[in-house]
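This report refers to the structure that appears directly beneath it.
Number of protein chains: 2
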Amino acid sequence: MFKAEITVTLRPSILDPQGKAAHHALGELGFNGVHQVRIGKFIELEIDAPSAEEATRMAREAADKLLANPVMEDFQVKVNELAGA
Amino acid sequence: MFKAEITVTLRPSILDPQGKAAHHALGELGFNGVHQVRIGKFIELEIDAPSAEEATRMAREAADKLLANPVMEDFQVKVNELAGA
Numbered sequence: 010m011f012k013a014e015i016t017v018t019l020r021p022s023i024l025d026p027q028g029k030a031a032h033h034a035l036g037e038l039g040f041n042g043v044h045q046v047r048i049g050k051f052i053e054l055e056i057d058a059p060s061a062e063e064a065t066r067m068a069r070e071a072a073d074k075l076l077a078n079p080v081m082e083d084f085q086v087k088v089n090e091l092a093g094a
Numbered sequence: 010m011f012k013a014e015i016t017v018t019l020r021p022s023i024l025d026p027q028g029k030a031a032h033h034a035l036g037e038l039g040f041n042g043v044h045q046v047r048i049g050k051f052i053e054l055e056i057d058a059p060s061a062e063e064a065t066r067m068a069r070e071a072a073d074k075l076l077a078n079p080v081m082e083d084f085q086v087k088v089n090e091l092a093g094a
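Protein chains in written order, with the working numbering: chain A, 10 to 94; chain B, 10 to 94.
This is the structure in structure tokens:
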């Protein structure tokens, strides 16, 4: 069994209203050193696969087809074997 | 200038309906090897601070006060210096 961690981030050219709202709220709380906030997704999958390569392939395909929006978002995949699997 | 990456995940005991919906949709798409899906947040901050330690302290405080919900979520912070800063 493998654990895949998929980090989904908005492309730099895409506006991030949620991040902008968080940035504004941090300013109100006195966090004046924070200059930019971008908010993406962190998705964890548990995958039953014969190898780490195959688990990585499945995680990339899942991100590409469903979990990320390839027009607006980039994603990165990291796969680790689960202990005791 | 530093870049902080904050990974916010739901605590294991908290139900994740969004992850459950994604899991179901992956099953419909034929991803039968995927056994669990948990969806969290990945937040990037650009922080002006005198040191990495101070940037880390600010990022942790921002996560604790605003970006994560300490009752339902855990978070991890990673800080790197931005090139050319």
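Virtual Cβ for every residue (Gly too), placed ideally from N, Cα, C.
Quick caveat, the model's predicted, so the values are computed rather than measured.
- Of the residues A/F51, A/G36, A/I23, the one whose Cα lies closest to the Cα of A/I15 is A/F51.
- At a Cβ-Cβ threshold of 8 Å, B/T65 and B/V46 do not count as neighbours.
- For B/V80, no Cβ of chain A is located within less than 8 Å of the residue's own Cβ.
- Under the 8 Å criterion on CB atoms, A/H44 is classed as interfacial with respect to chain B.
- Residue state for B/R47 is assigned as strand, using DSSP reduced to three classes.
- A/G28 and A/G49 have their C-alpha atoms some 9 Å from each other.
- By the rule that beta-carbons nearer than 8 Å mark a contact, B/D83 does not touch chain A.
- A/A92 and A/E37 have their C-alpha atoms some 44 Å from each other.
- Scanning the region 26 to 89 of chain A from its first residue to its last, the whole beta strand (DSSP E) runs of 3-plus residues come out as 43 to 56.
- Across the region 14 to 48 of chain A, CB contacts with chain B closer than 9 Å involve E14, T16, V17, T18, G28, A31, H32, A34, L35, L38, F40, N41, G42, V43, H44, Q45, V46, R47, I48, in sequence order along the chain.
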